[in-house]
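Listed in order, the protein sequences are those of chains A and B.
Take the first sequence: its letter number 203 is residue 203 in our numbering, and every next letter is one higher.
Take the second sequence: its letter number 281 is residue 1281 in our numbering, and every next letter is one higher.
Below: the structure, in structure tokens.
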Amino acid sequence: MQIKKSSLRLNRKTSTAFWLTCAVMLSWWFFTGQSSRDIKIYSYEAPEKAQWITSHDPAPHTACFRKDLELLSEVRHAHLSITAQGGFELIVNGNPVGAQTLWRPTRHFQNGLTESGQRLSEVEPIINYNFPREHQWAGHQNEKVLIHFDLSPYLKGGENSICIETEARKPLPAVIAFGSVTLKNGANISLQTDTSWAAEPVPKGLRQADWPLPENSVLTWNRAVISNEVSRRKFISSVPPSLYESPKKNRWVIADKSKKETGQTFRAPFSLEEKNLNSSAWLSLVSHSNYWIWVNNKRLGVNRSKKRGYNGGPDETGDFFGGYRYKDPRHGDPTENDFKRFENTLNRTRERPNQTGADLLDDRPEPGEPKGRLQDPYGFYEEPQAALPHTLLRQQASAEHHGYDISELLHAGDNEIRVRLIDDRAGRSDTYSGSQPLKFALFGQVGSTNLNQLEWQDLDQQPLKTAIRGKALAPDELPPLRYKGGVSKTIPKLFWGAIPLSFLGLLILSNLWQAFSRFRNPALIFSLTLLLGLLLRLCFQERSEIIFTHQKLWHYGWIILATFLALTQSLMPTLKLKKLKKKGTFITLGFLLLLTFILRAWEVHYQPIDDDEYASIQAVLSIAETGKPTIAQDIWYSRSPAYHYICAIFVKIFGPNIWALRLYSVLLASSSLFY
Amino acid sequence: MNDEPTTTTTKSESGFVRRFFSQTDLLPKTVNLLFAFIALALIALSFLRPWYALPQLSPEDGHYFTCDTFLTFPFKIAQLLLYTLGIIGLLGILLFKKLPYSAGLLLLRFAGLALFVTLIFPTFLILFDSDSSGDGAWLQQQHDTMTWLGGDIYRAHSERSIESGTGVNAQDPPERLAVFRPPTASLGLDRLNDWIWWLGYGPAWTQFAGKGWFFSSIGNGLLSICLFGYYWRKHIPTARFYLRKIILQQAVCFSLFFALVFSLYAITRSTLRDAEDATAHGHYDKAYQHLNRANNFIPSLRNDSGIIRQLGYFQWQLNQKEAPECQLYQIFWLDLNGYHDRAGTLMDKLYTQGKELPRHCARELARHQLRVAINDINSAKTTPALQHLSKLLHREPNCLQAHFHTQFANLQSDNLQQNRQAHAQVLTLYEGYKSKNKRGVIATSYWLLAQAETKAGNADAAREARLKSKGQ
């Protein structure tokens, strides 16, 4: 049978056009940073006084730090930036402020970060499965990323306690934090981790729920110790500098309550000088209602709350209030029912022998007494927590305070911010529509320019009128700031359109100009190198090592490497593809073999010895010493003798270490490549 | 003269038989032939069996049957057409030997195409059969709600009193039902998990895929392998050439198919973004049009609770308050804001529309009614819960969770007969489920029955049910 192999190949001119298109589009992809599609990253440096601190005990993997703070006046503004070697939780006056829980290293980077923290990447986890034997995985480099918290709603005049609980996969976990507190009387107190903090591996002398409360003394605790192991002073974060640091002062902008429309739009024009554009720019907005916001006609991503029904989509039907779950418990009170009340009639004293701590007597409420938590109908089950979570005791703010990075959206000259407040009760005559008008307050900064004093216009008023300004926001009206990121990078439509256009153009060019096809191989090498770069980045998508790929060095580095390889291929006749193809099989096989060996041997000592492996090791060591596979006196481990004797040869050559013991298995595994 | 032909035939036959049995590769050839027959039998069977089998209970007499998608028929026709064309082509080649085409390659091409058609069936189902994919997702969600780690089965063990069968925290249906997550964000590799769903191979497909589809996939795959085996034995370079040709054919087919599906999702994403933009600007009429356009691109998108709410919201803004989506939106809104009685009145009103209600709205309404019933169960209001469940089952007799909770509520209200009936329905409906973790629900259902029998004093029946709940 006649087989025409050429029929399976692409025409050379077509393939030239194809690979050149790939090269052009991938270069674009890399140069414009589309390959990362992440939010902007900022650098931070710790102040000199802030130290990495740890506890005095060298053994435990946990530590509890507490700083007691007596404030002589109410708080105007407070913030704290924090990072730890593993995970941490920040608790202020018993209120959990935020946490980065130490979760499995197989889970994606910043997996355990609470909503109040800030993520570096908005990409959703791809794999996110639970892998077995996760101890083989190195932990994420959490200590590189600074997490910021707004402490203003949590601190009060008088005694306060700032507590950090940390945990790491190593002894002596260290933490560093710095920030400041501005009081109403104008005093400014700087906060930083140093030896003035109390530190213990576990909350000494106090219960887990009690140690963060300022009324419980920690005078018996040891002082924190400065860590010798960590010296990092520079950090990164997705938060623009001064967003959390700046006190927020402004007046409400109030909507016209007489209007019955669902939305009311406000506009604030302002101009900027060129010099301001090089620095960071942010704005934050407080509102009781849903809203949309634009900066220079670019809409900010306001609907990112997971609570929204529509995948963060175009929703005005949901509600993104943080306090939503407390606002209207959907199921009502589950204890309000007509179940039979089960009494343990034998327990005449109503004691609860299984309960620990105080309240040994039955704490079920009397009729009419408010119920605080799930009741135990049997009256004898253990209830581990005898108190309500402090978060529930705290007054809930009905507004939300969101921060945005707007540095990519501004330009020199005239700019504009537009806000549209949404009232989903508008036009409903049959329900309670609230007693207060819709309102918002906006704070912002672009370099040295303050956006707090913007002149707001009511766009719905004809002719255009200045919006009604309300009273100034009191500090206790401000809910904690939540950073929502910037505008997500999207692939421009021009990019997709350019692909077929450039392909067609290049195809025409290659048909018109015969010599054009000589660019095929360099373009092929160039494109494949860039694709390799993308693949490599994808491999680290869920690891903290992805931080490195945020840098420009990564993007330009790959372009330079690809250019170098393409030029090398075209300039060096000895490396022509045809010649390479002849030896290609051996080179590829050798490369793959080496790669397999490296991958199999990589940190092979890290895996703990398995039970069965332990028996084998005993036999191998015995063979290496005595020539017999003895595992106990007169007992031979007779299983798989060939394997054990060959292993013993490696031990004889390289000595009795775990690498030598596992080397034979590694070699066998690498050789499996041939199959 | 008369004996000659007979003698010749006998000689020839014996020669053929001898030659046949003297072949060195007789066994592999026979096995190859055998598998080819099996493949053909499976392909034939695939025309008779359903390709998608949703469990259903008849509203009239409660008997069990499965419901196939309307897409199965055109796909079967396409397969039949492919095989007819293949056979015609084969006959043409055999009869007119001058045709410049190899019979083997032709057969392989058609078997490959048939396999391709079979494999893209789930994608078409999830994209274009809104009702079947929505019902499949709903049945699967009910199963998941009961069997996941925070579901009824696990929590029952930790929270329920064993003696009396009382319980709190029955699990209500999740806030959102969707056939897949709408393509609102990236469509790239970082949405790999979503791509499995978008291509139709999600849990609802694996749960309810019909035997016909499996027969077709295995049959066509096996037939291709057998044909390759035949040519491999005959002439290896030819077989390799065929392999390259078939790989190229499949690559072209799948590339075109993926390009088509990707374009569809990309257009839908763009339309959804336009809808979002229009919403933000308060242009609800445009947003409504965009969302409807997105629903037209991918019809099964309309099953998404978020989309239904969104459509309802737009209709509310556009003063189309009698539209079913708008009424649903009002029910949700009133419930969310604490006006439960008014939500209930509106729910009853919507129920009166009966079969006029579009399927996606009827399903969403059923989900809401189930949620109300479960709230009643959790508040120990057994009687209203049973009323809601009874109404719901009258409309949606294949609502698995409703049967399960009916059994539970009937245990509370000591109605043994109803308990038995609900138990039977749970068992019947579960015939249509494939995943093994259904055993947890079935065991719990037996346990609920055992408790009811115990309460009624039927010791033997209780013992039998208890043993069955233990899998004995």
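Where a beta carbon is used, it is the ideal one built from N, C-alpha and C, also for glycine.
| Item | Value |
| --- | --- |
| Can you name the residues of chain C whose CB is closer than 8 Å to the CB of residue 1189(B)? | Within the model displayed, chain C is absent; protein chains A and B are what it includes. |
| Once DSSP output is grouped into helix, strand and coil, what is the label at residue 238(A)? | coil |
| Check whether the Cβ atoms of residue 50(A) and residue 173(A) lie closer than 8 Å to each other. | no |
| With a threshold of 8 Å between beta-carbons, can residue 292(A) be considered close to chain B, or not? | yes |
| Residue 1017(B): buried (16+ other C-beta within 10 angstroms of its C-beta) or exposed? | exposed |
| What are the residues in the region 99 to 117 of chain A lying within 9 Å of chain B by C-beta distance? | none |
| Could you pull the start and end residues of the beta strand (DSSP E) that residue 67(A) belongs to? | 62 to 71 |
| Grouping DSSP H, G and I as helix and E and B as strand, with all else coil, what is residue 11(A)? | coil |
| Can you tell which of 626(A), 255(A), 248(A), 439(A) has the C-alpha that lies nearest to the C-alpha of residue 288(A)? | 439(A) |
| Would you mind sorting residue 1081(B) into buried or exposed? The rule is 16 or more other CB atoms within 10 Å of its CB. | exposed |
| Would you say residue 1280(B) reaches chain A, if we count a Cβ-Cβ gap shorter than 8 Å as a contact? | yes |
| How many angstroms separate the CA atom of residue 421(A) from the CA atom of residue 1310(B)? | 18 Å |
| Would residue 17(A) and residue 526(A) be called neighbours here (beta carbons separated by less than 8 Å)? | no |
| Within 8 Å (strictly less), CB to CB, does residue 253(A) reach chain B? | no |
| Throw me the rounded Cβ distance for the residue 161(A) and residue 93(A) pair, which I believe falls under 8 Å. | 6 Å |
| So which of 141(A), 190(A), 121(A), 138(A) has the shortest CA-CA distance to residue 151(A)? | 190(A) |
| Since residue 299(A) meets chain B, which of its residues come closer than 8 Å, beta carbon to beta carbon? | 1277, 1280 |
| Below 8 Å, can you find three or more Cβ-Cβ pairs linking the region 1316 to 1325 of chain B to the region 1280 to 1290 of chain B? | yes |
| Can you pull the chain A neighbours of residue 1317(B), defined as C-beta to C-beta under 7 Å? | 262 |
| Which one or two residues does DSSP pair with residue 481(A) in a beta bridge? | 401(A) |
| Within the 8 Å Cβ cut-off, does residue 123(A) reach chain B? | yes |
| Are any of the Cβ atoms in chain A nearer than 8 Å to that of residue 1193(B)? | yes |
| Would residue 1389(B) pass as a contact of residue 1406(B) if the rule is Cβ separation under 8 Å? | yes |
| Please report the distance separating the alpha-carbon of residue 1467(B) from that of residue 1446(B). | 9 Å |
| Using a Cβ-Cβ cutoff of less than 8 Å, which residues in the same chain neighbour residue 85(A) once the five nearest sequence positions on both sides are dropped? | 142, 143, 166, 168, 170, 173, 174, 175, 230 |
| Skipping 5 residues on each side, what residues in its chain have a beta carbon closer than 7 Å to that of residue 596(A)? | 670, 673 |
| Taking C-alpha atoms, which residue in 651(A), 462(A), 603(A), 600(A) lies nearest to residue 625(A)? | 651(A) |
| Do you know offhand how far residue 1066(B)'s Cα is from residue 1212(B)'s? | 13 Å |
| So, with DSSP's three-state summary, where would you put residue 638(A)? | coil |
| Residues in its own chain within less than 8 Å of residue 1048(B) by CB, not counting five upstream and five downstream? | 1212 |
| What are the start and end residues of the beta strand (DSSP E) that includes residue 167(A)? | 158 to 167 |
| Taking residue 420(A) as the query, report the chain B residues whose CB atoms sit under 9 Å from its CB, ordered along the chain. | 1280, 1281, 1282 |
| Shortest alpha-carbon distance to residue 277(A) belongs to which of 181(A), 154(A), 204(A), 407(A)? | 407(A) |
| Using only the alpha-carbon positions, how far apart do residue 666(A) and residue 568(A) sit? | 35 Å |
| Buried or exposed: which applies to residue 606(A), given that a residue is buried once 16 or more other Cβ atoms fall within 10 Å of its Cβ? | exposed |
| May I have the straight-line CA-CA distance separating residue 199(A) from residue 233(A), to the nearest angstrom? | 21 Å |
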